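*Asks:* For the sequence shown, our numbering begins at 2 and goes up steadily by one. Before I ask anything, here is the structure I am working with.
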Amino acid sequence: MTPCAARTTLVHPTLVAEVSADRAIDHGGVYRHPLRFQRLRLDVGLEDVPGFGEGPAAAAG
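Laid out in structure tokens, this is it:
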């Protein structure tokens, strides 16, 4: 499945996870590296994390 054909499925989260990512994009506009799971953040609550499409990262795009 190509990234353009992928669908977005929003969920109701119950846990917060930390992931690592980079912004390497190939000539076709596809991210070159996958996200990597780092750890569950049991010290961070759901109210501490901006929702999908919200917060400064969404504006930075």
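Just so it is clear, CB atoms sit at the ideal spot from N, CA and C, and this is done for glycine as well. The structure presented is a predicted model; accordingly, all values stated were derived computationally and were not measured.
1) Skipping 5 residues on each side, what residues in its chain have a beta carbon closer than 8 Å to that of Ala18?
2) Return the bridge partner residues of Glu19 from the DSSP annotation.
3) Pull up the distance between the alpha-carbon of Val31 and that of Gly54, whole angstroms please.
4) I need the straight-line Cα distance from Arg1 to Val12, nearest angstrom please.
5) Just to check my reading of the structure: Leu36 and Pro14 have Cβ atoms closer than 8 Å, yes? What is that Cβ distance to the nearest angstrom?
*Replies:* According to the data block:
1) Locating residue 18 in the sequence shown gives position 17, counting from the first residue. Closer than 8 Å at Cβ, skipping near neighbours: Phe38, Gln39, Arg40, Leu41, Arg42.
2) Taking the first residue of the sequence shown as 1, we reach residue 19 at position 18. In the DSSP output, where bridge partners are listed per residue, Glu19 has Arg40.
3) Taking the sequence shown and counting its residues from 1, the one referred to as residue 31 is at position 30. Taking the sequence shown and counting its residues from 1, the one referred to as residue 54 is at position 53. Distance between the alpha carbons of Val31 and Gly54 is about 19 Å.
4) There is simply no residue 1 to check, as the chain begins at 2 and stops at 62 in what is shown.
5) Reading the sequence shown from its first residue, position 35 is the one you call residue 36. Reading the sequence shown from its first residue, position 13 is the one you call residue 14. Not confirmed; about 15 Å, so no contact.
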